[in-house]
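Numbering (my numbering), first residue to last: 1 to 130.
One structure below.
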């Protein structure tokens, strides 16, 4: 995989901004974009693969990679791929989202100085949206 580190750092930060947002902001964003839970999980899986390569190149801190792996593990435990439906429904039904938010916020604070980031209008790749 060829990486443009700056591009992928920005992309990862956009998805982390969504994961780190307060639940009410996540709900509003998910409803606006009609995001399905499985697509968010696929995005997390994708950024984890990018993060692993970035870490190998020294472009991502080991702590950030550890937290991304924990987020991916939480998605697996929540069985988001086994559930059909919109992400907004999962946000209100699963308490593990609080831990996902905490981990995403920790990564953003370490990398950008603040976890509060603008939520994107669109996060590539397109399959994140239905």
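Beta carbons are placed, not taken as given, at the ideal position from N, Cα and C, and that holds for glycine.
Residue i classed as buried or exposed, judged by whether at least 16 other C-beta atoms fall within 10 angstroms
{"i": "residue 31", "result": "exposed"}
{"i": "residue 109", "result": "exposed"}
{"i": "residue 95", "result": "exposed"}
{"i": "residue 128", "result": "For residue 128, the predicted model reports a pLDDT of 45, less than 50, meaning its position is unreliable; a value from the coordinates is still stated below. By the neighbour-count rule (16 or more Cβ atoms within 10 Å), residue 128 is buried."}
{"i": "residue 113", "result": "exposed"}
{"i": "residue 76", "result": "exposed"}
{"i": "residue 34", "result": "exposed"}
{"i": "residue 67", "result": "buried"}
{"i": "residue 98", "result": "exposed"}
{"i": "residue 105", "result": "buried"}
Candidates the options: closest to residue i by CA position
{"i": "residue 116", "options": "6, 8, 17 and 10", "result": "17"}
{"i": "residue 203", "options": "24, 62 and 29", "result": "Any question about residue 203 goes unanswered here, given that the chain covers just 1 to 130."}
{"i": "residue 37", "options": "21, 103, 78 and 62", "result": "78"}
{"i": "residue 131", "options": "100, 42, 91 and 119", "result": "Not covered by the structure: residue 131. The range shown for the chain is 1 to 130."}
Residue i - containing alpha helix (DSSP H), residue span
{"i": "residue 25", "result": "23–33"}
{"i": "residue 64", "result": "62–78"}
{"i": "residue 97", "result": "96–112"}
{"i": "residue 6", "result": "5–20"}
Cβ contact (3+ pairs, closer than 8 Å) linking the segment 30–50 and the segment 2–13 = yes
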